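Right, one structure below, let's go through it.
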Amino acid sequence: MSNELIQAIQLLKEKKWVDLTHTFGPESPHFSAFDAAQFDTLFNHDQGFFAQSFKFPGQYGTHLDAPIHFVRDTRYLDQLGLKELVLPLVVIDQSAAVASNPDFTLDVEHILEFEKEHGVIEEGSFVALRTDWSKRWPNHEKFDNKDAEGNSHAPGWSVSALMFLFEERKIKAIGHETFDTDSAVDYQKNGALLAEYYVLAQDTYQVELLTNLDQVPAKGAVIFNIVPKAEKASGFPVRSFAILP
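Note that the working numbering has the sequence shown beginning at 16, numbered continuously upward.
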């Protein structure tokens, strides 16, 4: 290892690191179509060592969705390059808007307002939508936020906002604190997750169920998305974290 690399590591370790990942288990909130995770003990210390078995869908807890999750004939998780998983982090804070309107949907106007204050979003960035929805974890009911008719109300991205970010600002990937890319009202209106399909059709990934975005500045941090290399996986729980400037 060169002196430059050692110095770079020392510099990074002097910075503040923020874990953006929920701890998950069998009792954690999860997509309603999936069974709850199952954690079993295979061997205990009385038998010589402690070992466990874990069963859960790839899209469970804070997780990374690969392009193949929604789009045919695209890349699996294990085909993502290492350098794609480490990106400059931009956090668009709409937590106040979501507090008064859980159906909030990010649009281009909100991005332009953000840029007036923080400058143009740089090419190659990972853009995270902060809604503070993660503060509802691990309460299933609060996370689903269903009304009397059984319809969920949760914030998300509009397709137009994502098109602007990927096509005009040339960003690399996105993340959010909810189960889905689309707001619940858009999903109910469209009958499909159009925003999620759009993102994954860009041959890139997204990270869902992020947390602690309230501890990260609007710009200047770097996100690391460290994920197991499961063969031909559509997604997998991820350990996402940010290093602050």
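Glycine residues also receive a C-beta, built at the ideal position from the N, C-alpha and C atoms.
On a predicted model such as this, the values are computed, not experimentally measured, just so you know.
Anticipated Cβ contact below 8 angstroms, THR226 with TRP152, distance rounded
Confirmed, about 7 angstroms.
What is the residue span of the alpha helix (DSSP H) that ILE24 lies within?
18 to 29
Between GLU192 and SER255, how many whole angstroms is the CB-CB distance? I'm expecting something under 8 angstroms.
Not quite, the Cβ-Cβ distance comes to about 12 angstroms (not below 8 angstroms), so this is no contact.
On the criterion of 16 or more Cβ atoms from any shown chain inside 10 Å, does PHE46 qualify as buried, or is it exposed?
exposed
Mind checking which residues open and close the alpha helix (DSSP H) that includes SER110?
110 to 115
Where does the unbroken beta strand (DSSP E) through LYS70 begin, and where does it stop?
66 to 70
For a test of the three-state rule: what should DSSP assign to PHE198, helix, strand or coil?
Checking the displayed sequence, the identity of residue 198 turns out to be Ser instead of Phe. Note: SER198 maps to coil in three-state DSSP.
Please determine, among ILE189, ILE21 and ALA216, the residue with the shortest C-alpha to C-alpha distance to LEU100.
ILE189
Quick one, which of LEU20, SER43, PHE69 and ASP61 has its alpha-carbon nearest PHE54's?
PHE69
Along the beta strand (DSSP E) that carries GLU223, what are the first and last residues, could you check?
Per DSSP, GLU223 belongs to the beta strand (DSSP E) from 221 to 223.
Among ALA111, VAL214 and ASP229, the one whose alpha carbon lies nearest that of ASP80
Per the C-alpha coordinates, the member of ALA111, VAL214 and ASP229 positioned closest to ASP80 is VAL214.
Check HIS37 in the structure and name its three-state DSSP category.
coil
How far does the alpha helix (DSSP H) with ALA210 in it reach, from first residue to last?
209 to 215
Would DSSP call ASP159 helix, strand or coil?
ASP159: helix per DSSP, three-state reduction.
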